[in-house]
Amino acid sequence: MSIKFAQAVDFITQAQKSDERQRYREAIGLYETGVRHFMDALKDEIEGEIAKSAIAEKCQQYAERAAELRQSVAESESGRIAQTTV
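Our numbering puts the first residue of the sequence shown at 485, with every later residue one more than the last.
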């Protein structure tokens with residue numbers, strides 16, 4: 485397994501654990517870092533179109549999850565701000 489790919493797997497694994505523990509801000513950063521590492525691995529280390537396609541699909545899923553969490557955190561924070569100003 486290549487270095488970048490292994491690092492990407494580690495970041496995504498940590499992201500999923502943070503997500504499960506509802507540590508969403510942490511999970512967002514880890515998902516995004518994992519996706520960047522996967523993208524670097526796709527360019528430099530991964531061979532074969534099937535493997536590249538599968539990894540790209542997973543990257544899309546992880547990026548979407550990070551976006552969902554980012555929106556949820558923003559909505560939660562705006563709700564808290566609105567409650568404190570009432």
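We put the CB at the ideal spot given by N, CA and C, even for glycine.
For residue i, which residues from the same chain have a beta carbon less than 8 Å from its beta carbon, with the 5 sequence-adjacent residues on both sides left out?
i, result
"Arg505", "none"
Return the Cβ separation of residue i and residue j in integer angstroms, given the expectation that the two are a contact with Cβ distance under 8 Å.
i, j, result
"Ile539", "Leu526", "6 Å"
"Gln514", "Gln498", "The amino acid occupying residue 514 in the given sequence is Leu; Gln does not appear at that position. Indeed, because the Cβ distance is near 5 Å, the residues count as touching under 8 Å."
"Lys562", "Tyr508", "Note that residue 562 is Ser in the sequence shown, not Lys. With 8 Å as the limit, Ser562 and Tyr508 do not qualify as a contact, their Cβ atoms being about 15 Å apart."
Please report the residue range of the alpha helix (DSSP H) in which residue i lies.
i, result
"Ser502", "487-504"
Leaving out five residues before and five after residue i in sequence, what residues of the same chain have Cβ atoms less than 7 Å from its Cβ?
i, result
"Glu529", "Ser486, Lys488, Phe489"
"Ala511", "Ala499, Ser502, Asp503, Leu553"
"His521", "Lys488, Gln491, Ala492, Phe495"
Please work out which residues of its chain come closer than 6 Å, Cβ to Cβ, to residue i, disregarding the five sequence neighbours upstream and downstream, and give them in chain order.
i, result
"Thr517", "Phe495"
"Ala550", "Ile512, Tyr515, Glu516"
Specify the secondary structure class of residue i as computed by DSSP and reduced to three states.
i, result
"Glu516", "helix"
"Lys530", "Looking at the sequence provided, one finds Ile at residue 530 rather than Lys. Coil."
"Ala566", "In this prediction, Ala566 has a pLDDT of 48, which is less than 50 and means its spatial position is unreliable; what the coordinates show is noted afterwards. Reduced to three states, the DSSP call for Ala566 is helix."
"Arg554", "helix"
"Arg509", "helix"
Step through the CB atoms of chain D and report whether any lies within less than 8 Å of the CB of residue i.
i, result
"Cys543", "This model lacks chain D altogether, as it is built from one protein chain only."
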